[in-house]
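S.K.: Supplied in structure tokens, the structure appears directly below.
Numbering (our numbering), first residue to last: 86 to 191.
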């Protein structure tokens, strides 16, 4: 789940695992996944986030086990989003540094 938490008195966007509820601390340690039908088409298009290794299989089993899931590495999701949203990454970084409402967790 994508949400905002307070860290050191600042509002910080984070991703939490949809299975265990813990924050995914490092993009390399997370997946994003979505359910597909028999033809490989998204069922609802909803994206779920899970920890690699320790949560993603349990998450899928908890969701019925018989469903088919596509899984992508969390670190590449942002590349796709940046492209699809036509984000100028350097301009966005400068703006984030100026905005009062956006805070980085680290």
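Note that beta-carbon positions come from the ideal geometry of N, C-alpha and C, so glycine has one too.
Every value quoted in this text rests on a predicted model; they were computed, and no experiment measured them.
1) Please go through the stretch 124–182 and give each complete alpha helix (DSSP H) segment of 4 or more residues, from N-terminal end onward.
2) Which whole-angstrom value is the C-beta distance of residue 112 and residue 160, which I expect to be below 8 Å?
3) Quick one: what does DSSP say residue 106 is sitting in, helix, strand or coil?
4) Taking the alpha carbon of residue 136 as the point to measure from, which residue in 167, 183, 115 and 177 has its own alpha carbon closest?
5) Residue 118: buried (16+ other C-beta within 10 angstroms of its C-beta) or exposed?
6) Beta-carbon within less than 6 Å of residue 98's beta-carbon, same chain only, minus the 5 sequence neighbours each way: which residues are those?
7) Skipping 5 residues on each side, what residues in its chain have a beta carbon closer than 6 Å to that of residue 152?
8) Give the range of the beta strand (DSSP E) segment to which residue 114 is assigned.
9) Taking the beta strand (DSSP E) that residue 84 belongs to, which residues open and close that run?
M.R.: According to the structure shown:
1) The alpha helix (DSSP H) runs lying completely inside the stretch 124–182 and spanning 4 residues or more are 141–147 and 159–169, given in chain order.
2) Numbered from 1 along the chain shown, position 27 holds the residue referred to as residue 112. Numbered from 1 along the chain shown, position 75 holds the residue referred to as residue 160. Right, their Cβ atoms sit about 4 Å apart.
3) Here residue 106 refers to the residue found at position 21 of the chain shown. DSSP places residue 106 in coil when its eight states are reduced to three.
4) Position 51 of the chain shown, counting from 1, holds the residue named residue 136. Residue 115 is the option with its Cα nearest to residue 136.
5) The sequence position of residue 118 within the chain shown is 33, counting from 1. Classification for residue 118: buried.
6) Here residue 98 refers to the residue found at position 13 of the chain shown. Result list for residue 98: 89, in chain order.
7) Translated into the one-based positions of the chain shown, residue 152 becomes position 67. Only 120 meet the Cβ criterion.
8) For the purposes of this step, residue 114 is taken as residue 29 along the chain shown, with counting starting at 1. That residue, residue 114, is in no beta strand (DSSP E); it is neither H nor E in DSSP.
9) What is shown of the chain runs 86 to 191, which leaves residue 84 out entirely.
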